[in-house]
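**Q** Protein chains in written order, with UniProt numbering: chain A, 1 to 204; chain B, 1 to 204.
By construction, the Cβ of each residue, glycine as well, lies at the ideal position given by its N, Cα and C atoms.
As the structure is a prediction and not an experimental result, all values here were calculated from the model.
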DNA sequence: CGTGTTTTAGAGCGAACGATCTAAAACGGG
DNA sequence: CCCGTTTTAGATCGTTCGCTCTAAAACACG
């Protein structure tokens with residue numbers, strides 16, 4: 001057969017993800033990537049194609065690793081209302097926890113890489129999944145009498161999605177607890193949902 | 001004296017702003033700028049210093065031209081409640097009107113250029129102005145009985161700010177009226193404010 | 001109409017970019 | 001134990017980057 005690979009794909013994708021997360025697509029050079037991934041340029045191009053393809057793989061890695069896990073984590077909540085609150089708490093706490101204030105790679109990519117049609121579609125699809133998650137769980141909360149019915153589950157979900165994205169923008173330049181938690185709490189309160197825990201506590 | 005400049009500063013700053021708005025800071029080259037501004041590289045560097053300084057000037061130009069004007073436009077509204085609604089309507093309509101889906105240069109810059117400390121402070125200061133605007137006008141609406149007091153004006157303003165920023169992220173990849181207007185309308189409805197006009201109408 | 005001063009034009013600087021080339025290295029199968 | 005295949009390493013490809021250089025051009029002033 002052939003010479004086996006010396007790298008673990010998950011590990012190097014994680015390293016690439018960190019690079020792109022910190023610097024964005026354009027400002028991250030292939031040399032930055034090679035150093036962080038501990039691979040030579042030739043190995044990177046042999047394994048992943050080009051920089052753009054590597055970025056897409058790193059973004060998929062981020063989505064599977066960070067975003068889908070966050071959804072899965074709150075699915076086990078005792079009530080739909082508590083799930084939404086915990087989701088927002090998670091977003092706020094992770095935003096404040098990062099000393100580099102990198103925000104969310106999905107949001108950063110949506111803003112930076114939207115000129116790439118293929119990328120834009122992938123990002124749109126992911127955002128639709130989040131909207132659908134909010135819609136489903138908010139509808140359940142409404143049915144259980146735990147959330148207001150002053151707005152439809154559709155619009156309430158859109159509002160929650162926009163709020164989360166807005167918090168992820170704000171944390172890039174104003175990583176301030178009062179600001180981020182205030183925005184989240186107002187959304188929760190107005191929807192009739194429980195507020196964030198008093199002290200910032202990051203579950204798990 | 002000396003040879004007079006052949007360019008109008010406002011005109012070339014507008015051209016530079018368009019470049020950065022479309023492509024972002026990193027992806028816009030000095031040659032792109034020179035072509036769009038109709039100036040030679042030497043003239044640009046003589047007049048503005050370097051690329052980063054030009055970007056700051058272009059961003060200031062955008063803020064004065066687009067954002068401050070939007071605030072000034074809604075200040076003349078008959079009621080504070082109507083002013084907030086018109087502001088959100090303005091954001092939604094401009095988001096949908098742009099065939100390039102460039103969103104908001106302030107938001108794009110907050111996400112891309114937050115690693116630059118000086119830039120981050122300038123962006124944070126600008127976002128604070130928007131928060132203060134929402135806070136002031138929401139407090140007035142509450143005092144007039146036009147908005148709910150279920151949340152404080154402080155948190156309500158933070159929520160409105162996050163919603164606007166979120167809409168600006170969404171419009172980059174999902175320029176969909178139902179999505180953007182739904183998010184805005186949910187925020188307005190929950191705050192007890194009038195909804196957006198039924199048909200998308202861009203005032204003035 | 002020189003003279004001094006600033007802005008133009010356009011070539012081009014060194015550095016960094018994304019990507020590739022040549023070989024050596026590391027395996028499994030016959 | 002070579003053979004075929006793939007991955008490594010490191011140099012380096014051509015291009016583009018941000019930026020600067022030399023001169024000519026365009027004014028105000030004495």
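1. Report the rounded CA-to-CA distance for residue 16 of chain A versus residue 80 of chain B, giving the unit in angstroms.
2. Alpha carbon to alpha carbon, how far is residue 88 of chain A from residue 155 of chain B? Give it in angstroms, no decimals.
3. Give a yes or no on whether the minimum CB-CB distance between residue 167 of chain B and chain A is below 8 Å.
4. Excluding the five sequence neighbours on either side, which residues of its own chain have a C-beta within less than 8 Å of the C-beta of residue 36 of chain B, listed in chain order?
5. Grab me the residues of residue 92 of chain B's own chain with a C-beta within less than 6 Å of its C-beta, minus the 5 sequence neighbours each way, in chain order.
6. List the whole-angstrom C-beta distance separating residue 84 of chain B from residue 138 of chain B, where the pair is believed to meet the contact cut-off of C-beta under 8 Å.
7. Looking at the structure shown, is residue 26 of chain A part of a helix, part of a strand, or coil, going by DSSP?
8. Could you name the residues of the region 134–164 of chain A whose beta carbon sits closer than 9 Å to any beta carbon of chain B, in the order they occur along the chain?
9. Residue 104 of chain A by DSSP, collapsed to three states: which one?
10. Label residue 201 of chain A either buried or exposed according to how many other C-beta atoms from any shown protein chain fall within 10 Å of its C-beta, with 16 as the threshold for buried.
11. Alpha carbon to alpha carbon, how far is residue 74 of chain B from residue 186 of chain A? Give it in angstroms, no decimals.
12. Quick one, are the C-beta atoms of residue 96 of chain B and residue 195 of chain B less than 8 Å apart?
13. Which full runs of the alpha helix (DSSP H) of 4+ residues lie inside the UniProt DNA-binding region "H-T-H motif" (29–48) of chain B, going along the chain?
14. List, in order along the chain, the chain B residues whose C-beta lies closer than 9 Å to that of residue 79 of chain A?
15. Between residue 107 of chain B and residue 12 of chain A, which are expected to be in contact by the criterion C-beta below 8 Å, what is the C-beta distance as a whole number of angstroms?
16. Roughly how far, in whole angstroms, is the beta-carbon of residue 26 of chain B from the beta-carbon of residue 24 of chain A, given that I think they are within contact range, below 8 Å?
17. Can you list the residues of chain B that residue 101 of chain A reaches, using a CB-CB cut of under 8 Å?
18. Counting only beta-carbon atoms, is residue 59 of chain A nearer than 8 Å to chain B?
19. Suppose the cutoff is 6 Å on Cβ atoms and the five residues either side in sequence are ignored; what does the same chain contact list for residue 60 of chain B look like?
20. How would you call residue 2 of chain A, buried or exposed, if buried means at least 16 neighbouring beta carbons within 10 angstroms?
21. Where does the unbroken alpha helix (DSSP H) through residue 7 of chain A begin, and where does it stop?
22. List the residues of chain B that residue 182 of chain A touches, going by C-beta distances under 7 Å, in chain order.
23. Once you ignore the five residues that flank residue 103 of chain B on each side, which residues in its own chain have a CB closer than 8 Å to its CB?
24. Residues in the same chain with beta-carbon distance under 6 Å from residue 164 of chain A, minus the five sequence neighbours each way, listed in chain order, please.
25. Closest by CA to residue 130 of chain B, which one among B:143, B:152 and B:157?
26. Against chain B, with Cβ distances strictly below 8 Å, would residue 187 of chain A count as a contact?
27. Cβ of residue 89 of chain A less than 8 Å from any chain B Cβ?
28. Give the DSSP-derived three-state secondary structure of residue 174 of chain A in the structure shown.
29. Taking the alpha carbon of residue 22 of chain B as the point to measure from, which residue in A:141, A:115, A:98 and A:188 has its own alpha carbon closest?
30. Tell me which residues of the UniProt domain "HTH tetR-type" (6–66) of chain A have at least one Cβ-Cβ distance to chain B shorter than 7 Å, keeping chain order.
31. Closest to residue 65 of chain A by CA distance: which of A:6, A:119, A:105 and A:199 is it?
32. Using 8 Å as the threshold, is the C-beta distance between residue 38 of chain B and residue 48 of chain B below it?
33. Hey, could you find the ends of the alpha helix (DSSP H) residue 138 of chain B is sitting in?
34. Would residue 196 of chain B count as contacting chain A if we go by Cβ distances under 8 Å?
35. What is the rounded straight-line gap between the Cα of residue 177 of chain B and the Cα of residue 191 of chain B?
36. Just to confirm, is the Cβ distance from residue 127 of chain B to residue 109 of chain B under 8 Å?
**A** If we stick to the structure as given:
1. Looking at the two C-alpha atoms, the distance is approximately 48 Å.
2. Rounded to the nearest angstrom, the two C-alpha atoms are 15 Å apart.
3. Residue-level contact by beta carbon holds for residue 167 of chain B and chain A, with a gap shorter than 8 Å.
4. The answer, listed in chain order, is 15, 16, 18 and 19.
5. Only 180, 181 and 184 meet the Cβ criterion.
6. The beta-carbon separation of residue 84 of chain B and residue 138 of chain B, rounded to 7 Å, stays under the 8 Å limit for a contact.
7. Here residue 26 of chain A sits in coil by DSSP.
8. Residues of the region 134–164 of chain A with a Cβ closer than 9 Å to any Cβ of chain B, in chain order: 148, 150, 151, 152, 154, 155, 156, 157, 158, 159, 160, 161, 162, 163 and 164.
9. Judged by DSSP in its simplified three-state form, residue 104 of chain A adopts coil rather than helix or strand.
10. Answer is exposed; the Cβ neighbour count stays below 16.
11. Rounded to whole angstroms, residue 186 of chain A to residue 74 of chain B spans 23 Å at the Cα level.
12. Not a contact, by the Cβ cut-off of 8 Å.
13. DSSP assignment within the UniProt DNA-binding region "H-T-H motif" (29–48) of chain B yields the following whole alpha helix (DSSP H) runs of 4 residues or more, N-terminal first: 30–37 and 41–48.
14. Within chain B, no residue comes near residue 79 of chain A; the closest Cβ sits about 20 Å away, beyond 9 Å.
15. No, residue 107 of chain B and residue 12 of chain A are not in contact; Cβ-Cβ is about 32 Å, not under 8 Å.
16. Contact annotation, residue 26 of chain B with residue 24 of chain A: C-beta distance approximately 7 Å; criterion of less than 8 Å satisfied.
17. Listed along chain B are 114, each with a C-beta nearer than 8 Å to that of residue 101 of chain A.
18. Taking Cβ atoms only, chain B never reaches closer than 8 Å to residue 59 of chain A, which makes this a no.
19. Closer than 6 Å at Cβ, skipping near neighbours: no residue.
20. Residue 2 of chain A comes out exposed.
21. Segment: none, residue 7 of chain A is in no alpha helix (DSSP H) and carries neither H nor E.
22. Taking a Cβ-Cβ cut-off of 7 Å, the neighbours of residue 182 of chain A in chain B comprise 154, 155 and 158, given in sequence order.
23. A distance below 8 Å between beta-carbons, with the five flanking residues on each side excluded, links residue 103 of chain B to the following residues of its chain, in chain order: 95, 168, 169, 171 and 172.
24. Excluding residues up to 5 positions away in sequence, 91 lie with their Cβ nearer than 6 Å to the Cβ of residue 164 of chain A in the same chain.
25. The option with the nearest alpha carbon to residue 130 of chain B is B:157.
26. It does: the Cβ of residue 187 of chain A has a partner Cβ on chain B nearer than 8 Å.
27. Closer than 8 Å: no.
28. For residue 174 of chain A, the three-state secondary structure derived from DSSP is coil.
29. When only C-alpha atoms are compared, the closest one is A:115.
30. Interface annotation for the UniProt domain "HTH tetR-type" (6–66) of chain A against chain B: 24, 26 and 27, criterion Cβ-Cβ distance under 7 Å.
31. With respect to the C-alpha of residue 65 of chain A, the residue from A:6, A:119, A:105 and A:199 having the closest C-alpha is A:105.
32. No. Outside cutoff.
33. The continuous alpha helix (DSSP H) containing residue 138 of chain B extends over residues 117–143.
34. No Cβ of chain A is located within less than 8 Å of the beta carbon of residue 196 of chain B.
35. Straight through space, the alpha carbons of residue 191 of chain B and residue 177 of chain B are spaced by roughly 21 Å.
36. For the pair residue 127 of chain B and residue 109 of chain B, the CB atoms are not nearer than the 8 Å cut-off.
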